[in-house]
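Each residue of the sequence shown is one higher than the one before, counting from 288 in the working numbering.
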Amino acid sequence: MPRVTYHLPDGSFSRVEVNRGQSIMSASIENNLPGIVAECGGSCACATCHVYLSPEYGDIFAEPTEEEVDLIEYLEGSTGESRLSCQLIVGDADREIHVRVADSR
Ligand code: FES
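Given below as structure tokens:
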């Protein structure tokens, strides 16, 4: 099962197993992890599931949709590594995936 490590702005982290086909956001919510709020429940409308994803995982996830790009553009603290974690569906990755959860304060 693919594993995802969530790094929080305070330096703490959590590592969980994620089912194939599950999003990075929903795995976080399911495991009651702090940081990812996911107000809209994953419909790419709220941007409270903002994470930073290193380009080294670019081959694992689909490119962002236009909707996602638009939302990220208006986010405070967004960078070229910003993604909405509800749009990051974990596939057959056999290596651990690390994401940095954006500071939502
Ligand atoms: S959960 Fe709302 S945009 Fe991702």
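Beta carbons: idealized from backbone N, C-alpha and C, even for Gly.
Can you tell me whether residue i is helix, strand or coil according to DSSP?
i: E383; result: coil
i: I311; result: helix
i: I347; result: coil
i: V388; result: strand
Considering just the uninterrupted stretch of the beta strand (DSSP E) at residue i, what are its terminal residues?
i: V324; result: Looking at the DSSP string, V324 is not in any beta strand (DSSP E), and its letter there is neither H nor E.
i: E304; result: F300 to E304
i: V338; result: H337 to L340
i: S264; result: With the chain represented from 288 up to 392, any question about residue 264 goes unanswered, as that position is not in the structure.
i: V377; result: No beta strand (DSSP E) holds V377; DSSP gives it neither H nor E.
On the DSSP letters alone, give me the boundaries of the alpha helix (DSSP H) that residue i sits inside.
i: L362; result: Neither: L362 is in no alpha helix (DSSP H) and is coded neither H nor E.
Kindly identify the DSSP beta-bridge partner or partners of residue i.
i: I316; result: The partner list for I316 (beta bridge, DSSP) is empty, contrary to what the question assumes.
i: T352; result: In DSSP, T352 forms no bridge with anything.
Taking C-alpha atoms, which residue in the options lies nearest to residue i?
i: A334; options: T366, R370 and S315; result: R370
i: I347; options: G308, C327, H294 and L295; result: G308
i: S341; options: M288, T292 and S391; result: T292
i: S310; options: T366, A389 and I384; result: I384
i: S313; options: S391, I359, H337 and E354; result: H337
i: D390; options: G345, Y339 and E355; result: Y339
### Task
Starting from the N-terminal end, write out each residue whose C-beta falls within a distance shorter than 7 Å of any non-hydrogen atom of the ligand FES.
M312, A325, E326, C327, G328, G329, S330, C331, A332, C333, A334, T335, C336, L358, L371, S372, C373 and Q374
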